[in-house]
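Structure record follows, encoded as structure tokens.
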Amino acid sequence: MSRPCVKRMGGESSPHVGVVGLGEVGKAYASIVADLGYDLVGVDADANARGEFEREYGVETYDDLTAIFEAEIDAVVVSTPNSYHEVAAVQSLEADRDTFIEKPLAHNYESAQRIVAAAEESEGVCMVGFYFSFFEWVEALKAEIDAGRFGEITHVEGRYLYRRGVPRRGSWYTSSELAGGGVLQDKGSFMLHLLASFGFPLDRIESVAAKTRTNFAHEESYSAAGGWGAEGREDIFDVEDSVSAFLEFEDGKTATIETAWALNGRREHSYQIRGTEAGAYLDMDEAELTVHGIDERDPGSIVDTEVRPGFSEDVFEPETAYGFVIDEQRLRRRAFETFCRCAAADERPERGRPERALAVQRAIADIYDAADDPGIV
Numbered sequence: 156m157s158r159p160c161v162k163r164m165g166g167e168s169s170p171h172v173g174v175v176g177l178g179e180v181g182k183a184y185a186s187i188v189a190d191l192g193y194d195l196v197g198v199d200a201d202a203n204a205r206g207e208f209e210r211e212y213g214v215e216t217y218d219d220l221t222a223i224f225e226a227e228i229d230a231v232v233v234s235t236p237n238s239y240h241e242v243a244a245v246q247s248l249e250a251d252r253d254t255f256i257e258k259p260l261a262h263n264y265e266s267a268q269r270i271v272a273a274a275e276e277s278e279g280v281c282m283v284g285f286y287f288s289f290f291e292w293v294e295a296l297k298a299e300i301d302a303g304r305f306g307e308i309t310h311v312e313g314r315y316l317y318r319r320g321v322p323r324r325g326s327w328y329t330s331s332e333l334a335g336g337g338v339l340q341d342k343g344s345f346m347l348h349l350l351a352s353f354g355f356p357l358d359r360i361e362s363v364a365a366k367t368r369t370n371f372a373h374e375e376s377y378s379a380a381g382g383w384g385a386e387g388r389e390d391i392f393d394v395e396d397s398v399s400a401f402l403e404f405e406d407g408k409t410a411t412i413e414t415a416w417a418l419n420g421r422r423e424h425s426y427q428i429r430g431t432e433a434g435a436y437l438d439m440d441e442a443e444l445t446v447h448g449i450d451e452r453d454p455g456s457i458v459d460t461e462v463r464p465g466f467s468e469d470v471f472e473p474e475t476a477y478g479f480v481i482d483e484q485r486l487r488r489r490a491f492e493t494f495c496r497c498a499a500a501d502e503r504p505e506r507g508r509p510e511r512a513l514a515v516q517r518a519i520a521d522i523y524d525a526a527d528d529p530g531i532v
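For any residue, its number in this note's numbering is found by taking its place in the sequence shown, counting from 1, and adding 155.
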């Protein structure tokens, strides 16, 4: 089958991009597609979602993914609830279309495996939208790691904690059937993906100890201000709202991750790197990276060095009830633009590649298994 996306992503005519799943995330990517000047169509089984999308973007919508292939679509953005990723992604990849999948890859490991198998057979480029790897301070930390600044990295502590961030009850985020899990799927998948980019082999986990909790599902005061997640049709909340996990890898590395939609503590999104020659602290909320090392001229000394990525653009959204937060839409755009460049060059992306996303899904499964078992797996 011909590769229309490669031809047009780098050619003179405007690429045609189909967004599948027209909820909050789908609209976020639709805005990027429209801003890039690409032709846009939408796909959703829900007539109300299609109507709202048509009014907002002035484009055609369909209730069936097959129809957009007949409309000579070049690339597909999969932004459905997690449990529907496989259906849309596999159909797109089997049609040899370039396919961008919102993170996480799927709602469970088995479904993720089938998506990766389809990607391996497809002529289309496939990328998963783990956009925090495109945050400039993460890139700066990755550069320090690749340069060997820390010696052997032995341990990472990651925290991604909201003080008040529980989604609307009954939205697909709170349904295990649709999401495959709660905050671990939503926020923990980001953390695990960054662990992988820091050199932690997620496909070679030796043991896991974990605990999941659901403490604030029915506490309105712990919900995000204004709410997030679409209005639910039922009062379903059968997923976790916090996770604590300790991971030991076959090579001896260890990691701890903590993530929560809500807690009685301060908001935090950070990564503490421990190495044999130096360490680092990355504060995602404050956009600060500090390397903790020694002065080579005085081995007994302690030196803390702030690393700046040489980036001047405002990285924060306007101040909210939680203070300033990272402008995630800007990072989505950076990730999607990378996908477009890879599609134009018919190259596999380094960041967001399906194989790494599959390893993330395997680690999520290991954590859930450990949380279900009081022992260590």
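All residues carry an ideal CB built from backbone N, CA and C; glycine is no exception.
**Asked** What do you get for histidine 373, buried or exposed, if any count of 16 or more other CB atoms within 10 angstroms of its CB means buried?
**Response** Here residue 373 refers to the residue found at position 218 when the sequence shown is read from its first residue. Result: exposed.
**Message:** With a threshold of 8 Å, are at least 3 pairs of Cβ atoms found where one atom belongs to the segment 447-459 and the other to the segment 334-343?
**Reply:** no
**Same chain only: Cβ atoms within 7 Å of alanine 295, ignoring 5 sequence neighbours per side** = Position 140 of the sequence shown, counted from the start, is the residue given in the question as residue 295. Cβ neighbours of alanine 295 beyond the five flanking positions: Leu444, Val462 and Pro464.
**Asked** Under three-state DSSP, which class holds leucine 296?
**Response** For the purposes of this step, residue 296 is taken as residue 141 along the sequence shown, with counting starting at 1. DSSP places leucine 296 in helix when its eight states are reduced to three.
**Prompt:** Which residues in the same chain as alanine 244 place their Cβ atom closer than 6 Å to its Cβ, once the five residues preceding and following it in sequence are excluded?
**Reply:** Residue 244 sits at position 89 when you count from the first residue of the sequence shown. Val233, Thr254, Ile256 and Ile270.
**Request:** Taking only runs that begin and end inside the segment 227-271, name each unbroken beta strand (DSSP E) of 3 or more residues, in chain order.
**Result:** DSSP runs (the beta strand (DSSP E)) wholly in the segment 227-271: 230-233 and 253-257.
**Rounded straight-line distance, which links the Cα of alanine 274 to that of glutamate 441** = Taking the sequence shown and counting its residues from 1, one reaches residue 441 at position 286. Taking the sequence shown and counting its residues from 1, one reaches residue 274 at position 119. One C-alpha to the other measures close to 37 Å.
**Prompt:** With DSSP run on the structure shown, which of helix, strand or coil describes threonine 216?
**Reply:** Residue 216 sits at position 61 when you count from the first residue of the sequence shown. Strand.
**Asked** Mapping DSSP to helix, strand and coil, what is alanine 417?
**Response** One-based indexing of the sequence shown puts residue 417 at position 262. Correct three-state label for alanine 417: strand.
**Asked** By DSSP, does methionine 105 sit in helix, in strand, or in coil?
**Response** The shown model of the chain, from 156 to 532, leaves out residue 105, and the question about it has no answer.
**Coarse secondary structure for serine 330, derived from DSSP in three states** = Residue 330 sits at position 175 when you count from the first residue of the sequence shown. The answer is coil: DSSP assigns serine 330 none of H, G, I, E or B.
**Request:** Report yes if the C-beta distance between glycine 320 and alanine 417 is below 8 Å; otherwise report no.
**Result:** For this step, residue 320 is matched to residue 165 along the sequence shown. For this step, residue 417 is matched to residue 262 along the sequence shown. For glycine 320 and alanine 417, yes; Cβs fall inside 8 Å.
**Item:** Rounded straight-line distance, which links the Cα of proline 259 to that of isoleucine 101
**Value:** What is shown of the chain runs 156 to 532, which leaves residue 101 out entirely.
**Request:** Classify glycine 533 as buried or exposed, calling it buried when 16 or more other Cβ atoms lie within 10 Å of its own Cβ.
**Result:** There is no way to answer for residue 533, as the model of the chain reaches only from 156 to 532.
**Request:** Look at phenylalanine 305 and alanine 435 and say whether their C-beta atoms are less than 8 Å apart.
**Result:** Taking the sequence shown and counting its residues from 1, one reaches residue 305 at position 150. Taking the sequence shown and counting its residues from 1, one reaches residue 435 at position 280. In contact: phenylalanine 305 and alanine 435 (Cβ atoms closer than 8 Å).
**Item:** Proximal residues to serine 238 (C-beta, below 6 Å), its chain only, five neighbours per side dropped
**Value:** Taking the sequence shown and counting its residues from 1, the one referred to as residue 238 is at position 83. Only His262 and Leu333 meet the Cβ criterion.
**Prompt:** Among residues of its own chain, excluding the 5 on either side of arginine 487, which ones have a beta-carbon nearer than 8 Å to its beta-carbon?
**Reply:** For the purposes of this step, residue 487 is taken as residue 332 along the sequence shown, with counting starting at 1. Within the same chain, arginine 487 has close Cβ partners Ala183, Tyr184, Ile187, Gly284 and Tyr286.
**arginine 368 - containing beta strand (DSSP E), residue span** = By one-based count along the sequence shown, residue 368 stands at place 213. Where arginine 368 is concerned, the enclosing beta strand (DSSP E) stretches over 360-368.
**Prompt:** For aspartate 194, which residues does DSSP report across the bridge?
**Reply:** Within the sequence shown, the letter at position 39 stands for residue 194. Its beta-bridge partners are His171.
**Prompt:** Shortest alpha-carbon distance to glutamate 278 belongs to which of Ser331, Ala500 and Leu513?
**Reply:** Counting from one through the sequence shown, the residue named residue 278 turns up at place 123. Closest option to glutamate 278, Cα to Cα, is Ala500.
**Item:** Range of the contiguous beta strand (DSSP E) that encloses tyrosine 315
**Value:** One-based indexing of the sequence shown puts residue 315 at position 160. Element bounds for tyrosine 315: 308-316.
**Message:** Rounded to the nearest angstrom, what separates arginine 485 and proline 236 at their Cα positions?
**Reply:** As a working note, residue 485 is residue 330 in the sequence shown. As a working note, residue 236 is residue 81 in the sequence shown. Rounded to the nearest angstrom, the two C-alpha atoms are 22 Å apart.
**Request:** Can you give me the start and stop residues for the alpha helix (DSSP H) that valine 515 sits inside?
**Result:** What you label residue 515 is simply residue 360 of the sequence shown in a count that begins at 1. Note, valine 515: alpha helix (DSSP H), 509-527.
**Asked** Residue range of the alpha helix (DSSP H) that arginine 487 falls in?
**Response** As a position in the sequence shown, residue 487 is number 332, starting the count at 1. According to the DSSP assignment, arginine 487 belongs to the alpha helix (DSSP H) that extends over 483-500.
**Asked** My guess is that tyrosine 426 and leucine 349 are in contact by the Cβ rule of under 8 Å, so how many angstroms apart are they, rounded?
**Response** Working through the sequence shown from its first residue, we reach residue 426 at position 271. Working through the sequence shown from its first residue, we reach residue 349 at position 194. Contact holds; Cβ gap of about 7 Å.
**Message:** I need the straight-line Cα distance from valine 175 to arginine 452, nearest angstrom please.
**Reply:** Indexing the sequence shown from 1 puts residue 175 at position 20. Indexing the sequence shown from 1 puts residue 452 at position 297. The straight-line gap from Cα to Cα measures roughly 57 Å.
**Message:** With H, G and I counted as helix, E and B as strand and the rest as coil, what does DSSP make of valine 458?
**Reply:** Counted from its first residue, the sequence shown places residue 458 at position 303. Residue state, collapsed to three classes: strand.
**Backbone CA spacing between valine 398 and alanine 415 [nearest angstrom]** = Residue numbering aside, residue 398 sits at position 243 when the sequence shown is read from its first letter. Residue numbering aside, residue 415 sits at position 260 when the sequence shown is read from its first letter. Roughly 6 Å separates the two Cα atoms.
**Item:** aspartate 438 - partner residues in DSSP beta bridges
**Value:** For the purposes of this step, residue 438 is identified with residue 283 of the sequence shown, where counting begins at 1. Paired residues: Ser425 and Glu443.
**Message:** At the level of alpha carbons, what is the spacing between glutamate 343 and alanine 526?
**Reply:** Counting from 1 along the sequence shown, the entry for residue 343 is found at position 188. Counting from 1 along the sequence shown, the entry for residue 526 is found at position 371. Here residue 343 turns out to be glycine, not glutamate, going by the sequence shown. In a straight line, the C-alpha of glycine 343 is about 14 Å away from that of alanine 526.
**Prompt:** Comparing alpha-carbon positions, which option in Ile412, Glu405, Leu220 and Ala226 lies nearest arginine 314?
**Reply:** Here the question's residue 314 lines up with position 159 in the sequence shown. The option with the nearest alpha carbon to arginine 314 is Ile412.
**Message:** Tell me which residue opens and which closes the beta strand (DSSP E) that glutamate 403 is part of.
**Reply:** In the sequence shown, the residue the question calls residue 403 occupies position 248. Bounds of the beta strand (DSSP E) holding glutamate 403 are 397-404.
**Request:** Pull up the distance between the alpha-carbon of phenylalanine 431 and that of alanine 200, whole angstroms please.
**Result:** The sequence position of residue 431 within the sequence shown is 276, counting from 1. The sequence position of residue 200 within the sequence shown is 45, counting from 1. Looking at the sequence provided, one finds threonine at residue 431 rather than phenylalanine. Inter-residue distance for threonine 431 and alanine 200 is about 53 Å (C-alpha atoms, whole angstroms).
**Separation of glutamate 505 from valine 515, as counted between CA atoms** = Residue 515 sits at position 360 when you count from the first residue of the sequence shown. Residue 505 sits at position 350 when you count from the first residue of the sequence shown. Each residue's alpha carbon lies about 15 Å from the other.
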